[in-house]
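Visitor: Heads up, the sequence shown is in the working numbering, so the first residue is 71 and it goes up one at a time.
Just so it is clear, CB atoms sit at the ideal spot from N, CA and C, and this is done for glycine as well.
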Amino acid sequence: MSLLDSLNNDLKTAMKAHDKETLSTVRMLKAAVTNEQIKVGHTLTSDEEVSVLSRELKQRKDSVDEFTSAGRTDLVPALEKEIEIVERYLPEQLSEDDVKSIVEETIRQVGATSKADFGKVMGAVMPKLKGQADGKIVNSVVKSLLN
Numbered sequence: 071m072s073l074l075d076s077l078n079n080d081l082k083t084a085m086k087a088h089d090k091e092t093l094s095t096v097r098m099l100k101a102a103v104t105n106e107q108i109k110v111g112h113t114l115t116s117d118e119e120v121s122v123l124s125r126e127l128k129q130r131k132d133s134v135d136e137f138t139s140a141g142r143t144d145l146v147p148a149l150e151k152e153i154e155i156v157e158r159y160l161p162e163q164l165s166e167d168d169v170k171s172i173v174e175e176t177i178r179q180v181g182a183t184s185k186a187d188f189g190k191v192m193g194a195v196m197p198k199l200k201g202q203a204d205g206k207i208v209n210s211v212v213k214s215l216l217n
């Protein structure tokens, strides 16, 4: 079943259940996927779908950070619910230990030895972890291992 089919089914379920939070979030996800399909001009591959979902998840997590730092904690619970809904459609996230082992392997493969190789390592490791790990976690693991 494609992501759009899954979103359509969940949209119908949310409508029948009168679940407004899920309904609005699924609509936003469906719109994002549809817009990306129009932009690229073909049906999205699973990697492209994961990329769209990851982008949507990142936007929401960034918004939570911004609202929290601005003292608007009243807006955070709704965004956390949206994050929870978006995560249902993403592949299971890797633990930090799993990310660390993949980063260590990548550092050996590219021959990185110092902080100067940070970009080289990130460029090699992110395609391996696409949709399976948060970029911030990968970033901090790479920095800690290169120090």
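Could you pull the start and end residues of the alpha helix (DSSP H) that residue 163 belongs to?
Guide: Element bounds for residue 163: n/a, residue is neither H nor E.
Visitor: Please report how far the alpha carbon of residue 209 lies from the alpha carbon of residue 198, in whole angstroms.
Guide: Distance between the alpha carbons of residue 209 and residue 198: 14 Å.
Visitor: Using DSSP with H/G/I as helix, E/B as strand and the rest coil, what is residue 184?
Guide: Note: residue 184 maps to coil in three-state DSSP.
Visitor: Quick one: is residue 110 buried, meaning 16 or more other Cβ sit within 10 Å of its Cβ, or exposed?
Guide: Label assigned to residue 110: exposed.
Visitor: What span of residues does the alpha helix (DSSP H) with residue 123 cover, start to end?
Guide: Looking at the DSSP string, the run of the alpha helix (DSSP H) that includes residue 123 is 116-139.
Visitor: Would you say residue 127 and residue 103 are within 8 Å of each other, going by their C-beta atoms?
Guide: No, the pair does not count as a contact, with Cβ atoms beyond the cut-off.
Visitor: Leaving out the 5 sequence neighbours to the left and right, which residues in its chain are closer than 8 Å to residue 202 when beta-carbon positions are compared?
Guide: So the qualifying residues of the chain are 161, 162, 163, 164.
Visitor: Could you check which residue in 145, 180, 168, 131 has the C-alpha nearest to that of residue 154?
Guide: Cα-wise, what sits closest to residue 154 is 131.
Visitor: Contact check, residue 216 vs residue 182 under 8 Å by CB: the rounded distance?
Guide: Correct: roughly 6 Å between the Cβ atoms.
Visitor: Nearest-angstrom Cα distance between residue 166 and residue 207?
Guide: Near 7 Å, if we compare the C-alpha coordinates of residue 207 and residue 166.
Visitor: Using the C-alpha atoms, what's the distance from residue 99 back to residue 89?
Guide: Spanning the two alpha carbons is a distance of roughly 16 Å.
Visitor: Any heavy atom of the ligand FMN closer than 7 Å to the CB of residue 152?
Guide: The model depicted lacks the ligand FMN and carries no ligand whatsoever.
Visitor: Give the C-beta separation of residue 122 and residue 106 to the nearest angstrom, bearing in mind that I take them to be a contact with Cβ-Cβ under 8 Å.
Guide: About 5 Å separates the two Cβ atoms, so the contact holds.
Visitor: Straight-line CA distance for residue 134 to residue 200?
Guide: Answer to the nearest angstrom: the Cα atoms are 22 Å apart.
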